[in-house]
Amino acid sequence: MSSPATLFVIPPEIIQHILAFCHPLDVSALSRTCRAAYDVVYSPNDQYLWRELIIHHFDDPRKSLRCTTSSIPLRYDWKMELQRRMMSSSIVLNARGISDDQLRFALETFISIIDDASPMSQIQAVPSNGLRWLACLLHQSQILYRQPPQELKQLVARLSVYFLFSDADEDEEYAFISPGQRTESRCFAYDLRNYNMGNDWGPYLRDGSVNWLHVQHLMTVIWANLADLPERWKNVRPSVGLEATRAFSAPDIASQRDWAGVEGTWRRYVCFMDYRDLFSFNFSNVFRGPRNKAYFTENVRFREATRLLEVKLKVVARDKLKFSNTDDDPAIRNPLYPSLYFHGTSRGVDGNGSVIEGMVKMGNDGAVRYKFVSCLKGFHT
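Residue numbers (the numbering used here): 33 to 413.
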């Protein structure tokens with residue numbers, strides 16, 4: 033009697049091709065059934081199976097912006113990267129305690145998935161498999177809603193900035209911004225001590241990298257304020273969620289000359305306190321101040337303005353600018369992304385307009401930086 037036919041009489045190349053369409057955890061489970069299965073999955077010297085599993089279930093990192101614009105060839109360990117992602121998934125879904133090292137490992141893995149996302153196609157908008165997988169995982173996890181250790185707050189804030197404000201049902205889009213969160217973010221955003229020469233008057237750390245905690249507070253203030261506006265404003269709110277982080281996700285990205293997609297029409301949201309209230313919050317003893325949260329929670333007269341501006345920008349030569357301080361920081365230069373200079377107009381719904389101009393550059397940390405001034409009736413802001 034002949035021996036019964038088994039899967040492993042098929043050439044291993046075909047078996048690997050079939051396995052490439054399976055979930056990575058199912059492939060791992062198969063490898064533990066017998067020696068032959070283990071050999072098919074783990075023995076080949078090449079990384080064909082691991083590469084195909086990543087491409088089918090995530091994005092091809094070779095097509096990511098950081099790869100296609102880098103002068104250094106990509107060296108990618110497909111097996112290690114896939115195992116890293118599966119391990120991170122297991123870590124954040126673990127109902128038991130997560131160590132600080134495990135949390136750092138998972139956060140860095142998730143941010144790398146965002147960096148590896150394929151750019152948005154201008155022909156057909158195809159969702160990113162990697163970002164869809166990550167969004168589903170973060171919806172099931174609680175890692176962004178727990179108090180992280182001090183050394184991991186920047187990583188948690190960065191992932192939160194990418195993901196939050198898209199984690200609620202459509203009819204409760206902003207319900208999860210609690211009054212306490214809003215007050216904490218207002219206290220941080222309007223604290224003038226957080227703006228100085230050391231951080232270039234913005235949300236940056238001393239080393240020049242982005243201060244993601246600062247950015248998170250700014251976003252919380254703006255989104256909570258947008259939620260207070262009438263329903264008719266809902267259609268002009270900016271896109272949110274991981275898909276909005278993809279390269280070229282903004283419509284009508286221009287030519288290679290305009291690598292940042294500066295030219296075009298933008299919506300600019302501005303939130304601010306009356307300058308007298310700002311001074312009072314920072315320097316007076318009102319409401320047990322200065323800088324006491326009671327200024328926002330107990331002050332029935334406190335008001336915060338929110339403005340939507342239409343901004344039209346055009347890339348110009350540096351010598352065409354009249355008002356901006358466009359001195360480049362020699363420590364922040366990227367030959368692949370030369371500094372861009374722009375000029376344009378900014379106009380509110382009330383019809384009042386101003387001239388706006390500035391520059392865009394790529395930071396050493398890979399974050400795009402805008403620096404601009406507005407000039408209204410001869411006054412700079």
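Each residue gets a CB set at the ideal place from its N, CA and C atoms; glycine is no exception.
Item: Restricting to runs no shorter than 4 residues, where is the alpha helix (DSSP H) found entirely within the segment 159-203?; Value: 161-172, 185-195
Item: Measure from the alpha carbon of His-89 to the alpha carbon of each residue in Ile-155, Val-73, Leu-166, then state which is nearest.; Value: Leu-166
Item: Can you grab the Cα-Cα spacing for the pair Thr-141 / Val-318, in whole Å?; Value: 46 Å
Item: What span of residues does the beta strand (DSSP E) with Ser-378 cover, start to end?; Value: 372-380
Item: Given Val-242, which residues of its chain have a CB within under 8 Å of its CB, disregarding the five upstream and five downstream residues?; Value: Arg-190, Pro-235, Tyr-236, Gly-395, Asp-397, Ala-399
Item: Across the segment 123-134 and the segment 143-157, are there enough close Cβ pairs to call them in contact, namely three or more that are closer than 8 Å?; Value: no
Item: According to DSSP, what are the bridge partners of Arg-401?; Value: Lys-393
Item: Is Val-272 helix, strand or coil when you go by DSSP?; Value: coil
Item: Quick check on the DSSP output: the beta strand (DSSP E) that includes Lys-344 runs from which residue to which?; Value: 336-348
Item: When we look at the beta-carbon of Tyr-194 and count the other beta-carbons within 10 Å, is it buried (16 or more) or exposed?; Value: buried
Item: How about Thr-215 and Thr-329: are their beta carbons less than 9 Å apart?; Value: yes
Item: State yes or no: is the C-beta of Met-152 within less than 9 Å of the C-beta of Arg-269?; Value: no
Item: Can you tell me the Cα-Cα spacing of Phe-404 and Val-59, whole angstroms?; Value: 52 Å
Item: Starting from Met-305, follow the alpha helix (DSSP H) in both directions and report where the run begins and ends.; Value: Met-305 -> not in any alpha helix (DSSP H); beta strand (DSSP E) instead, spanning 296-305.
Item: Three or more C-beta pairs under 8 Å: does that hold for the segment 304-324 against the segment 256-269?; Value: no
Item: Using the beta-carbon count (16 or more within 10 Å), is Ser-120 buried or exposed?; Value: buried
Item: Would you identify the three-state DSSP class for Leu-408, choosing helix, strand or coil?; Value: strand
Item: Give the DSSP bridge partners of Tyr-414, in chain order.; Value: For residue 414 there is no data in the structure shown, the boundaries of the chain being 33 and 413.
Item: Among Asp-239, Pro-370, Pro-262, Asn-314, which one has its Cα closest to the Cα of Arg-339?; Value: Pro-262
Item: Ala-326: buried (16+ other C-beta within 10 angstroms of its C-beta) or exposed?; Value: exposed
Item: Could you tell me whether any non-hydrogen atom of the ligand PLP is closer than 8 Å to the CB of Ala-157?; Value: Although the ligand PLP was asked about, the structure shown includes no ligands whatsoever.
Item: Nearest-angstrom Cα distance between Gly-452 and Pro-367?; Value: With the chain covering 33 to 413 only, the question about residue 452 has no answer from this structure.
Item: What residue range is occupied by the uninterrupted alpha helix (DSSP H) comprising Gly-212?; Value: 211-221
Item: Counting Cβ pairs closer than 8 Å, one from the segment 73-89 and one from the segment 37-51, do we hit at least three?; Value: yes
Item: According to the neighbour-count rule (16 or more other Cβ atoms, all chains shown, within 10 Å of its Cβ), is Lys-95 buried or exposed?; Value: exposed
Item: In the DSSP output, what is Val-387 paired with across the bridge?; Value: Thr-377, Cys-407
Item: Out of Pro-159, His-171, Pro-370, point me to the one whose CA is closest to Trp-291's CA.; Value: Pro-370
Item: In terms of residues, what are the limits of the alpha helix (DSSP H) holding Cys-66?; Value: Taken as a continuous stretch (DSSP letters only), Cys-66 belongs to no alpha helix (DSSP H), as it is neither H nor E.
Item: Going by other Cβ atoms of all chains shown within 10 Å of its Cβ, with 16 needed for buried, is Ser-192 buried or exposed?; Value: buried
Item: Please report the distance separating the alpha-carbon of His-171 from that of Lys-266.; Value: 23 Å
Item: Can you tell me where the alpha helix (DSSP H) holding Tyr-80 begins and where it ends?; Value: 80-89
Item: Is it buried or exposed, Asp-91, if we count other Cβ atoms within 10 angstroms and call 16 or more buried?; Value: buried
Item: Go through its chain and collect everything with a Cβ distance to Leu-62's Cβ below 6 Å, but skip five positions before and after it.; Value: Ala-69
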